[in-house]
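The structure appears below as C-alpha coordinates.
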(Lines of atoms letter the chains of each structure in order from A; the text may use other names.)
(Lines give C-alpha, C1' and ligand atoms only; values in the text may rest on other atoms or scores of the structure.)
Protein backbone atom coordinates (compact mmCIF):
# COMPACT_ATOMS: atom_id res chain seq x y z
CA UNK A 1 0.00 0.00 0.00
CA UNK A 2 2.81 2.44 0.83
CA UNK A 3 4.58 1.44 -2.36
CA UNK A 4 1.46 2.29 -4.39
CA UNK A 5 1.27 5.69 -2.73
CA UNK A 6 4.93 6.41 -3.48
CA UNK A 7 4.48 5.36 -7.10
CA UNK A 8 1.43 7.60 -7.35
CA UNK A 9 3.32 10.61 -5.94
CA UNK A 10 6.49 10.11 -7.97
CA UNK A 11 5.61 12.63 -10.73
CA UNK A 12 4.83 15.36 -8.22
CA UNK A 13 7.46 14.63 -5.57
CA UNK A 14 9.29 17.91 -6.22
CA UNK A 15 6.09 19.90 -5.68
CA UNK A 16 5.23 17.86 -2.60
CA UNK A 17 8.67 18.64 -1.17
CA UNK A 18 8.21 22.30 -2.09
CA UNK A 19 5.00 22.37 -0.05
CA UNK A 20 6.25 20.29 2.87
CA UNK A 21 9.41 22.29 3.57
CA UNK A 22 7.64 25.56 4.48
CA UNK A 23 5.04 23.61 6.44
CA UNK A 24 7.78 21.89 8.43
CA UNK A 25 9.53 25.23 8.95
CA UNK A 26 6.40 26.86 10.39
CA UNK A 27 5.65 23.76 12.50
CA UNK A 28 9.17 23.97 13.94
CA UNK A 29 8.76 27.69 14.60
CA UNK A 30 5.45 27.09 16.36
CA UNK A 31 6.83 24.26 18.47
CA UNK A 32 9.87 26.25 19.58
CA UNK A 33 8.11 29.61 19.93
CA UNK A 34 10.36 31.25 17.34
CA UNK A 35 9.00 34.28 15.48
CA UNK A 36 9.70 33.65 11.81
CA UNK A 37 8.11 36.68 10.15
CA UNK A 38 8.97 39.52 12.50
CA UNK A 39 8.05 40.54 15.99
CA UNK A 40 5.49 42.64 17.83
CA UNK A 41 8.00 45.26 18.83
CA UNK A 42 6.11 48.56 18.68
CA UNK A 43 9.09 50.80 19.35
CA UNK A 44 9.66 53.48 16.79
CA UNK A 45 13.22 53.29 15.57
CA UNK A 46 13.28 56.43 13.42
CA UNK A 47 12.01 59.13 15.79
CA UNK A 48 14.36 61.82 14.53
CA UNK A 49 15.00 60.57 11.03
CA UNK A 50 17.25 62.83 8.96
CA UNK A 51 14.88 62.76 6.01
CA UNK A 52 11.77 63.74 7.94
CA UNK A 53 12.37 67.46 7.39
CA UNK A 54 9.91 68.53 10.07
CA UNK A 55 6.73 67.79 8.15
CA UNK A 56 4.72 67.20 11.32
CA UNK A 57 6.23 63.78 12.00
CA UNK A 58 8.03 64.76 15.20
CA UNK A 59 7.93 61.99 17.77
CA UNK A 60 6.57 59.34 15.42
CA UNK A 61 8.35 56.74 13.37
CA UNK A 62 7.91 56.59 9.64
CA UNK A 63 6.84 52.94 9.35
CA UNK A 64 4.67 52.20 12.37
CA UNK A 65 1.90 49.76 11.53
CA UNK A 66 -0.44 47.88 13.78
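Numbering (UniProt numbering), first residue to last: 1 to 66.
Yeah, the Cβ is synthetic: ideal placement off N, Cα and C, and Gly gets one too.
Quick caveat, the model's predicted, so the values are computed rather than measured.
Beta carbon of residue i nearer than 9 Å to that of residue j
i: residue 9; j: residue 16; result: yes
i: residue 25; j: residue 36; result: yes
DSSP state of residue i mapped onto helix, strand, coil
i: residue 19; result: helix
i: residue 34; result: coil
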